[in-house]
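Novice:
Protein chains in written order, with this note's numbering: chain A, 1 to 397; chain B, 398 to 690.
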């Protein structure tokens, strides 16, 4: 589960990580109030940053992050950004609507030294089965870009699961980034606390980009991205409550409520499959047959009439779907039962306007094909995967 | 011969008396697997499916001499069960449970690695050596004893490959579902090495998925060391980046882990990569015929 920037920063702050202070706002009025309370000893010269809160990177380039040099400018920026359709390289061309903004302090103030941006992240190195810290002096840039252009500038440090992150590792990274004096000391505390937050909150990724060394040698998180391991949400009720349904596809939310694992895609052939690997392979078959997959849909181990009906209903809500391929490998699940489920679901829904291809293989596959073929419905059946692919091809012509 | 499990494997079931454990244990027994007992804390001393139930894995190993344990306990308690099995001296752990928190698995993996214990899974269908032992949840009847080794991250996609191999008139030496999670006990490479050494395996089918780099790592090893023909398939050629496709491990992050990249590396390493999952069995049959000719 992804957190918003403001939620991520609040979480980091609760672990003693210094952040760019700010307050979330859902309306222009709230934004102005937030700005008024941000500087307790305001002189009228303080600056603010107004930041769109969506689950996608590249917000700055898309016009979702703006500097405001007065309360009045906060009001102007807030009314521009709230409700805008923000397009970034991660949102797709349709963009995402901004429902909330973060009013934050400007932390790039002048002082004894130049402010400098860095990159910092923690995630799992799957090949090693250990968490890895990645850091770079190239703050503000995407780490993918740094990895491509300046791979030598990425500092990597793996953490032993048994003992956790050690202070010497924090020092190694700090020295490698060229930090000195107070900034160096502040950094070691900063990174050790972030690692603690990562472990205790069951995060699967924390990225702080940029991490800022201020002109007075503080180290603070100016941005914060956190992904929480979905499998661990059961033991983090507070974090689970931070879920923002606005950021998710409504069809995916609905599918989740029916215990279906659904991901909406842009193609024209819907599919319904048991098992994630076979579901991905079925999407690939659709592509090789000249179509494009309209979705990923894993109905899991219990493919019965109810799950098939729910699956049909969700797939049919996508107006781009021109055909549906059901691919079930019946192991423990018997194919004849699934076939009866398909027929029943079809009748419950009434007229399904697109051709349906059902491929049932495994236990009682022949019997299942007979049930489908004798149902009188406009459903074609296949037993071998190749034949199913051919039927998809024909349906699209 | 086969890899990992055979008719002599003595199997313990953790989470024996639960609904999943009961159902699949009885299926395994029906297949002919030597299920010697089970563990359910608090139910020690009772009998289930005509087999003894123990409170701890340690008790069970002492009493039965079990050398394999299969785990069906719920996700919140699964890592604990894995470590208990490793501590009790079980040599092979098969973890079926889906949805274990990644952090728990990072700890558990370190724990079992330090003790030299091998694990398959989690979030996997298990292992089968056709005609000898089924230690998992796969449908036994689609398998046929033979000389093709199959390994895969997924469940039903493995069955698909098995079925195609069987329909080509061939059979399987052993089939291993290594699991769809980001942290797994045994990787593609670990299993490929075993198949390469197994005198009763003539060809290897390696099925991968988007996400991570385990397929590439195995491919690099195959290039230099593998003596047998390998057919490869990667699921998720049409999956968009940044989206989790069912398996927690199947997510393309930051340009790495794409199907195209995996297929390119595998081909470059001499693996016969099929684009369509419908061609897996046929391609293996053709490769073996060429080797014989």
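Glycine included, every Cβ here is placed at the ideal spot set by N, Cα and C.
Nearest to residue 478 (chain A) by CA position, among A:157, A:135 and A:161, is which residue?
Specialist: Residue 478 (chain A) lies beyond the range of chain A shown here (1 to 397); nothing can be said about it.
Novice: Opposite residue 270 (chain A) in the DSSP bridges: which residues?
Specialist: Looking at the DSSP assignment, residue 270 (chain A) forms a beta bridge with A:324.
Novice: Counting contacts by CB-CB distance shorter than 9 Å, is residue 560 (chain B) in contact with chain A?
Specialist: yes
Novice: Give, in chain order, every unbroken run of the alpha helix (DSSP H) that is at least 4 residues long and sits entirely within the region 470-518 of chain B.
Specialist: Runs of alpha helix (DSSP H) with 4 or more residues, each lying fully within the region 470-518 of chain B, are found at 472-484 and 499-511, listed in chain order.
Novice: Is the distance from the Cβ of residue 122 (chain A) to the Cβ of residue 133 (chain A) below 9 Å?
Specialist: yes
Novice: Cβ of residue 272 (chain A) within 9 Å of Cβ of residue 253 (chain A)?
Specialist: The Cβ-Cβ distance between residue 272 (chain A) and residue 253 (chain A) does not fall below 9 Å.
Novice: Using a C-beta to C-beta distance shorter than 8 Å, which residues of chain A count as neighbours of residue 644 (chain B)?
Specialist: Ordered by position in chain A, the residues that pass the 8 Å Cβ test against residue 644 (chain B) are 276 and 277.
Novice: Starting from residue 47 (chain A) and walking both ways along the beta strand (DSSP E), at which residues does that stretch end?
Specialist: Looking at the DSSP string, residue 47 (chain A) is not in any beta strand (DSSP E), and its letter there is neither H nor E.
Novice: Rounded C-beta distance between residue 521 (chain B) and residue 575 (chain B)? I'm assuming under 8 Å.
Specialist: 6 Å
Novice: If you compare alpha carbons, which of B:572, B:531 and B:407 is closest to residue 434 (chain B)?
Specialist: Ranking B:572, B:531 and B:407 by Cα distance to residue 434 (chain B) puts B:407 first.
Novice: For a quick check, are the C-beta atoms of residue 213 (chain A) and residue 118 (chain A) less than 9 Å apart?
Specialist: At a Cβ-Cβ threshold of 9 Å, residue 213 (chain A) and residue 118 (chain A) count as neighbours.
Novice: Starting from residue 628 (chain B), trace the alpha helix (DSSP H) in both directions and tell me its first and last residue.
Specialist: Careful: residue 628 (chain B) lies outside any alpha helix (DSSP H), inside the beta strand (DSSP E) at 627-632.
Novice: What do you get for residue 538 (chain B), buried or exposed, if any count of 16 or more other CB atoms within 10 angstroms of its CB means buried?
Specialist: exposed
Novice: When you compare the CB of residue 126 (chain A) with every CB in chain B, is at least one pair closer than 9 Å?
Specialist: yes
Novice: Going along the chain, which residues of its own chain have a beta-carbon closer than 6 Å to the beta-carbon of residue 99 (chain A), five neighbours each way excluded?
Specialist: 246
Novice: Along the alpha helix (DSSP H) that carries residue 372 (chain A), what are the first and last residues, could you check?
Specialist: For residue 372 (chain A), the enclosing alpha helix (DSSP H) stretches over residues 365-373.
Novice: Assess, as a yes-or-no matter, whether the region 456-470 of chain B is touched by the region 486-493 of chain B under the definition of 3 or more beta carbon pairs within less than 8 Å.
Specialist: yes
Novice: Is the shortest distance between the beta-carbon of residue 384 (chain A) and the beta-carbons of chain B less than 9 Å?
Specialist: So, interface residue.
Novice: Less than 9 Å between the beta carbons of residue 655 (chain B) and residue 283 (chain A), yes or no?
Specialist: no
Novice: What is the DSSP secondary structure of residue 666 (chain B), counted as helix, strand or coil?
Specialist: coil
Novice: Should residue 85 (chain A) go down as buried or exposed, given a rule of 16 or more other Cβ atoms within 10 Å for buried?
Specialist: With fewer than 16 neighbouring CB atoms inside 10 Å of its own CB, residue 85 (chain A) falls in the exposed class.
Novice: Are the C-beta of residue 235 (chain A) and some C-beta of chain B separated by less than 9 Å?
Specialist: yes
Novice: Identify the contact partners of residue 283 (chain A) in chain B, using a Cβ-Cβ distance below 9 Å as the criterion.
Specialist: For residue 283 (chain A), the C-beta contacts it makes with chain B under 9 Å involve 632, 633, 634, 635, 636 and 642, in order along the chain.
Novice: Terminal residues of the continuous beta strand (DSSP E) containing residue 411 (chain B)?
Specialist: 407-411
Novice: How about residue 512 (chain B): is its C-beta nearer than 9 Å to some C-beta of chain E?
Specialist: Of the protein chains in the structure, A and B, none is chain E.
Novice: Can you list, in chain order, the residues of its chain whose CB lies under 8 Å from that of residue 431 (chain B), leaving out five sequence neighbours each side?
Specialist: 404, 405, 406, 407, 408 and 530
Novice: Applying a beta-carbon distance threshold of less than 7 Å, which residues of chain A neighbour residue 550 (chain B)?
Specialist: Chain A residues near residue 550 (chain B): 277.
Novice: Under 9 Å, do residue 400 (chain B) and residue 577 (chain B) count as touching if we go by C-beta distance?
Specialist: no
Novice: Please go through the same chain and pick out, in chain order, the residues whose beta-carbon is closer than 6 Å to the beta-carbon of residue 355 (chain A), but skip the five residues on each side of it.
Specialist: 323 and 395
Novice: Does the distance from the CB of residue 218 (chain A) to the CB of residue 18 (chain A) come in under 9 Å?
Specialist: yes
Novice: Quick one: is residue 209 (chain A) buried, meaning 16 or more other Cβ sit within 10 Å of its Cβ, or exposed?
Specialist: buried
Novice: Measure the C-alpha to C-alpha separation of residue 170 (chain A) and residue 80 (chain A) and round it to an integer number of angstroms.
Specialist: 41 Å
Novice: Using a Cβ-Cβ cutoff of less than 7 Å, which residues in the same chain neighbour residue 564 (chain B) once the five nearest sequence positions on both sides are dropped?
Specialist: 678
Novice: May I ask which residues mark the beginning and end of the beta strand (DSSP E) holding residue 262 (chain A)?
Specialist: Residue range 261-264 is occupied by the beta strand (DSSP E) that includes residue 262 (chain A).
Novice: Is the region 175-184 of chain A touching the region 88-103 of chain A in the sense that three or more CB pairs, one from each, lie closer than 8 Å?
Specialist: no
Novice: Is the distance from the Cβ of residue 589 (chain B) to the Cβ of residue 126 (chain A) below 9 Å?
Specialist: No, these two residues do not count as a Cβ contact at 9 Å.
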